[in-house]
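Structure first, commentary second.
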Amino acid sequence: MLQTCIFCPNTDGAFKQTNSSKWAHLLCAMWIPEVSLGNHTFMEPVMEVEKVPKTRWRLTCYICNQRMGACIQCSNKNCYQAFHVTCARRCRLFLKMKNGQGALAVLEGTLPLKAFCDKHCPPDYAEKNGIAQATRDAKRFYKRTMKGRIWADSQASALQIAATHRNAITEHPPDESQITGAKVSAVLADKKKGQPPKNVWKLPSGAPVIPQAVYDLVESALARFPIRKRKDFVAEACKYWTLKREARRGAALLKRLQLQMETFSSMELTRRNFAAMGPSGKARLTRRIEFCRALIKDLEQLKELADAVVQREEAKLEAAELEQDFVDTCYFPIFKQLQPILDKAFV
Ligand SMILES: [Zn+2]
Ligand SMILES: [Zn+2]
Ligand SMILES: [Zn+2]
């Protein structure tokens, strides 16, 4: 099944889990003013979807012509054009997010976001990015692909998400970790009794529980090692993982995406049609090629460094063996001579 975003009809791009098991584009979540991200480092989960007003859910996107999800509107104060964030991205509309303060300022809500429809984008920006053509192409694309699509009521599902979350909080106060712990072990105990694995691997709070299949796999992989009470050990590790996820409100324990958001500009990572950019395309392509060359050079240096480290460690090992031999000869000279003498004696 395709992942769908609760805010827009587009199915490509980076998705983030909302505080229930629904999904949303990171881009959509960042641009819809009422929505927030629970953890700014991990850029998830997407929260406060229930705060999106009814009026926003009712807007029809002028690009894809679909009345689903939540639209943002043109920042020109005399214009009421509404569009999905991802539809706007497809038309390369002016979405001003990058500045000296970076994406984090947007997350903190300290930066006013500016988005313009194709008619109100700054003229030089519109020309440089071929917005008129991109908008025509996008409209044609959506006319073809979205024809006759029927959507679930987006606001209803958003409210449902909020309700699930509220229940989870009242049933499940996050600070009473002992209660939570009991529930986790209850779930694990159920599975140990040999019941078929459940389809739902989540606590009411949204923190996932490790599926039986993964538990079995890890347990059998550990069979090679001498671990006492192996089953208990794995069960404890699973519980710890779930509690940790719960403590982070369901956010992943490993960092992702941070690299893409902060270290590189999107120019360096995405595929672009440089020919279509006109005169500025060549300069950008050159910049990109230079970046790649620098990257290759860095990697070659890294490889040399790694080879040098291997050599150094080999030399260290040799030195250590020599030293051992030396110490043995100095302190236990007789022991070293003993074996050859005994060999001779018994021949
Ligand atoms: Zn979306
Ligand atoms: Zn749209
Ligand atoms: Zn406008």
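Using my numbering, the first residue of the sequence shown is number 12, and each one after it goes up by one.
Don't be surprised by glycine CBs; every beta carbon is placed ideally from N, CA and C.
So, are the CB atoms of residue i and residue j less than 8 Å apart?
i, j, result
"G49", "H36", "no"
"F26", "C16", "yes"
"F105", "Y136", "yes"
"Q92", "C128", "yes"
"L264", "R256", "yes"
"K347", "D354", "no"
"A145", "V60", "no"
Taking the C-alpha atoms as reference points, what is the distance between residue i and residue j?
i, j, result
"A319", "Q312", "10 Å"
"P290", "E138", "11 Å"
"C82", "I221", "36 Å"
"C102", "G141", "9 Å"
"T156", "I43", "24 Å"
"R78", "L70", "6 Å"
"I352", "P344", "13 Å"
"F302", "E332", "45 Å"
"K327", "A317", "15 Å"
"M41", "M58", "11 Å"
"A167", "C98", "22 Å"
"A224", "N21", "32 Å"
"A149", "V96", "13 Å"
"R298", "A262", "36 Å"
"F152", "G292", "24 Å"
"S231", "L306", "41 Å"
"C132", "R67", "22 Å"
"P134", "A143", "11 Å"
"C249", "K130", "54 Å"
"Q189", "E45", "Caution applies to Q189, whose pLDDT of 33 falls short of 50 and renders its modelled position unreliable; the value that the coordinates give is listed next. Using only the alpha carbons, I get a separation of about 34 Å."
"I238", "A258", "28 Å"
"N110", "W252", "A caution first: N110 carries a pLDDT of 44, below 50, which makes its placement in the model unreliable, though a value can still be read off. Going by the C-alpha atoms only, they are around 37 Å apart."
"C341", "V245", "49 Å"
"S165", "L310", "47 Å"
"P219", "R260", "10 Å"
"E334", "F357", "31 Å"
"L349", "V229", "50 Å"
"C90", "Q84", "8 Å"
"A330", "K314", "25 Å"
"A163", "F236", "51 Å"
"Q271", "I161", "With a pLDDT of 47 at Q271, under the threshold of 50, the modelled position of that residue is not reliable, and no figure is offered here."
"R147", "K158", "16 Å"
For ligand 1, is there a heavy atom less than 7 Å away from the beta-carbon of residue i?
i, result
"C102", "no"
"A35", "yes"
"C16", "yes"
Measuring only from the beta carbon, is residue i closer than 7 Å to any heavy atom that is part of ligand 2?
i, result
"I161", "no"
"Q77", "yes"
"F94", "yes"
"C303", "no"
"I74", "yes"
"C19", "yes"
"C98", "yes"
Just curious, the beta strand (DSSP E) that residue i is in, first and last residue?
i, result
"A35", "W34 to H36"
Take residue i and list the residues in its own chain whose beta-carbon comes closer than 6 Å to its own, dropping the five residues that flank it on each side.
i, result
"K125", "S86 and K107"
"R241", "L233"
"D243", "none"
Can you name the start and end residues of the alpha helix (DSSP H) that residue i belongs to?
i, result
"Q348", "P344 to F357"
"S231", "Q223 to A232"
"I142", "I142 to T156"
"C98", "V96 to R101"
"W252", "R241 to A258"
"R67", "K65 to W68"
"E61", "Segment: none, E61 is in no alpha helix (DSSP H) and carries neither H nor E."
"D135", "P134 to K139"
Tell me which residues share the same chain as residue i and place their Cβ nearer than 8 Å to its Cβ, disregarding the 5 neighbours each side in the sequence.
i, result
"K154", "N76"
"D227", "none"
"P64", "E45"
"E247", "none"
Is residue i near ligand 3, judged by its Cβ being under 7 Å from some heavy atom?
i, result
"K107", "no"
"K62", "no"
"C85", "yes"
"K88", "no"
Quick one: residues in its chain with C-beta nearer than 7 Å to the C-beta of residue i, no 5 flanking neighbours on either side, listed in chain order?
i, result
"E324", "none"
Using a Cβ-based criterion (distance less than 7 Å to any ligand heavy atom), does residue i qualify as near ligand 5?
i, result
"C39", "With respect to ligand 5, the structure shown offers nothing to examine, as its ligands consist of ligand 1, ligand 2 and ligand 3."
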